[in-house]
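Chains as they are written, first to last, in the UniProt record's numbering: chain A, 1 to 230; chain B, 1 to 230.
Down below is the structure, laid out as structure tokens.
Number of protein chains: 2
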Amino acid sequence: MKKITLIEDIETCFLCKNCLKEWLPAILAHKKNYKVKRSEVIFNEGDPVKGVFFVNSGVVKVHKRWGAEKELILRFASSGMIFGHRALGGDGIYSISATAIQEGIVSYVDMDFFETTLRVNADFAYKLLMFLAYDLRVSERKTRNLAHMPVKGRVAEALINLKDQFGLTAEGFINIELSRQDLASFAGATYETVFRVISELTQDDLLELSGKSIKIANYDKLLKLTEEAA
Amino acid sequence: MKKITLIEDIETCFLCKNCLKEWLPAILAHKKNYKVKRSEVIFNEGDPVKGVFFVNSGVVKVHKRWGAEKELILRFASSGMIFGHRALGGDGIYSISATAIQEGIVSYVDMDFFETTLRVNADFAYKLLMFLAYDLRVSERKTRNLAHMPVKGRVAEALINLKDQFGLTAEGFINIELSRQDLASFAGATYETVFRVISELTQDDLLELSGKSIKIANYDKLLKLTEEAA
DNA sequence: CGGGATTTTGAAGGGGCTCAACTTGAGTGG
DNA sequence: CCACTCAAGTTGAGCCCCTTCAAAATCCCG
């Protein structure tokens with residue numbers, strides 16, 4: 001993720017650490033920290049709302065289940081990012097789940113306090129508003145893609161999104177440790193299909209693999225797969 | 001749509017007329033009205049952002065295209081509802097389109113003014129925040145459904161959503177005039193498939209047809225189709 | 001070394017899309 | 001009032017992408 005300082009640059013600002021100054025004092029006084037292990041459930045769809053969370057360290061997947069076996073990963077929250085904020089103004093029940101996919105520390109403030117903060121701190125409310133609008137644009141693009149884009153394009157877009165959010169390692173691999181199952185759930189397809197697609201993309205030199213790590217070898221061709229003409 | 005007066009009842013509040021009192025004075029001074037005809041495009045994906053709109057009368061579909069022929073309808077904006085607000089904090093380009101599906105009048109205020117209003121009117125900003133969070137929950141449910149729910153369930157859910165938003169006529173039909181093509185785009189499937197599904201549901205006495213109008217004859221069974229066990 | 005979880009590969013089946021033809025209906029002009 | 005036209009509704013057939021199921025191979029960690 002690019003470093004940014006301006007509020008206006010919302011496209012690359014996920015209410016990240018640069019934005020925290022707006023509500024940092026409030027949080028410091030009220031937050032509680034949790035140490036979370038890999039694959040530890042932070043909250044589940046159907047659970048009563050505890051509050052709004054943000055990631056201190058580690059990575060959290062925000063996902064929604066279908067039946068017992070299937071899920072769709074809606075987004076990943078990495079260091080500095082907020083999650084659980086969709087519960088704002090709701091019925092007090094989480095409509096999505098949050099699970100750590102890397103060990104880390106998450107903080108939360110209870111919902112009442114968070115809402116009070118919003119009412120008192122207009123700047124913070126405004127930033128959150130911008131962030132939610134951005135969230136919505138991303139979500140609706142994903143929705144459209146699931147309806148019309150073939151799996152290959154969705155996998156390509158998923159990888160590009162991961163690269164944009166997590167950046168690259170020194171060797172040029174996408175800087176996140178992600179199980180193939182989670183990648184499949186993020187792309188909205190089955191494990192086997194995603195596996196086959198990745199194999200094919202590797203054959204065609206669009207990707208390069210090293211264990212679980214994935215390197216984008218031909219960004220332009222990958223990007224082209226996400227376009228409508230294909 | 002149920003009539004509501006409390007802000008807290010956000011699930012049935014779409015920044016509707018009951019909420020307008022917060023920003024009505026500001027709007028009255030600055031809004032411009034447009035008369036729109038059936039199937040008239042209000043703005044298109046890729047257009048520069050003009051401002052934020054709301055519906056005075058009529059019905060507007062908010063949709064996103066894929067290629068030349070395909071689209072997905074994300075939501076409908078009916079009387080009193082806001083649309084175009086996803087452009088907030090964006091890059092100045094609409095990421096979605098808005099098209100009238102019924103003759104009516106839409107108003108808009110330019111984006112700068114709207115953002116100023118948000119900064120000055122904390123109550124309004126707070127309400128919009130709640131609305132966006134609600135919007136996000138709806139959007140993410142739709143996303144999940146497209147990934148995992150079969151077409152029959154999606155059509156069922158689409159009809160239930162339409163009933164909730166537009167209510168029923170005196171005869172018990174869903175109170176909106178909607179082309180089958182638009183219904184299909186709303187459910188995220190093709191015209192033909194949706195047609196067949198509706199035929200089947202009519203055969204099984206879950207629905208009742210009269211011309212283009214649709215009546216839900218067995219709500220419970222229809223609802224069951226949207227559940228995961230099916 | 002053993003065993004459970006991933007990875008890899010194959011084969012089968014179906015749900016939904018595509019295409020194409022026919023029917024119906026509404027509007028239009030003669 | 002009727003023919004004409006064009007859009008929308010209706011139905012059938014084929015097929016393909018993706019899922020599902022199943023099994024073998026490999027990895028990994030105690």
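In this text, a Cβ means the ideal position worked out from N, Cα and C, and glycines have one as well.
Because the structure is a prediction, the values reported are computed rather than measured.
Note that the C-beta distance between I101/B and Y34/B is not below 9 Å. Unbroken alpha helix (DSSP H) stretches of 4 residues or longer found wholly inside the segment 17-85 of chain B: 24-30, given in chain order. Closest option to N56/A, judged by alpha-carbon separation, among F43/A, A77/A, G67/A: A77/A. Of all residues in the segment 73-101 of chain A, only L74, H85, R86, A87, L88, G89, G90, D91, S95, I96 place a beta-carbon less than 8 Å from a beta-carbon of chain B. Below 8 Å, too few C-beta pairs join the segment 54-71 of chain A and the segment 117-126 of chain A to call them touching: fewer than three. Within the segment 129-147 of chain B, the residues whose Cβ lies closer than 9 Å to some Cβ of chain A are L129, M130, F131, L132, A133, Y134, D135, L136, R137, S139, E140, R141, K142, T143, R144, N145, L146, A147, listed in chain order.
Contact annotation for A122/B against chain A: R119, A122, A125 [CB-CB distance below 8 Å, chain order]. Boundaries of the beta strand (DSSP E) around Y108/A: 97-110. Counting along the chain, S139/B sits inside no beta strand (DSSP E); it lies in the alpha helix (DSSP H) bounded by residues 122-148. Residues of the same chain with a CB within less than 6 Å of the CB of T202/B, apart from the 5 flanking positions on each side, are L209 in chain order. Among the residues of chain A, those whose CB is under 7 Å from the CB of G188/B are A147, following chain order. Among the CB atoms of chain B, one or more fall inside 9 Å of the CB of G67/A. Listed in chain order, the non-local C-beta contacts of T190/B below 7 Å within the same chain comprise A184, local neighbours out to five positions each way being set aside. For the segment 39-72 of chain A, the set of residues with a beta-carbon nearer than 7 Å to any beta-carbon of chain B comprises K64, W66, G67, K70, L72, in chain order. For I174/B, no beta strand (DSSP E) segment is defined, and its DSSP state is neither H nor E. Leaving aside the five residues that flank G46/B on each side, the residues in its chain whose CB is nearer than 8 Å to its CB run, in chain order, I93, Y94. In the three-state scheme derived from DSSP, where H, G and I count as helix and E and B as strand, K212/A is classed as coil. Taking a cut-off of 8 Å on C-beta distances, the segment 124-136 of chain B touches the segment 125-144 of chain A, as three or more cross pairs fall below it. When beta bridges are read from the DSSP output, L178/A appears opposite no residue. Under the criterion of beta carbons closer than 8 Å, V151/A and A187/A qualify as touching, at roughly 7 Å.
Counting along the chain, E192/A sits inside the alpha helix (DSSP H) bounded by residues 191-203. Of all C-beta pairs linking the segment 163-178 of chain B to the segment 212-220 of chain B, three or more are shorter than 8 Å, placing the two stretches in contact. For G153/B, the uninterrupted alpha helix (DSSP H) segment begins and ends at 151-166. Interface flag for E228/A against chain B is set, since a Cβ pair is found closer than 9 Å. Taking a 10 Å sphere around the C-beta of S39/A, we find fewer than 16 other C-beta atoms and assign the residue as exposed.
Within the DSSP secondary-structure output, L207/B pairs in a beta bridge with I216/B. 9 Å or more divides the Cβ of H85/A from the Cβ of G67/B. Nearest C-alpha to F114/A among G211/A, I96/A, H30/A: H30/A. If the five residues before and after F166/B are omitted, its C-beta is found closer than 7 Å to the C-beta atoms of S78, I174, N175, I176, all from its own chain and listed in chain order.
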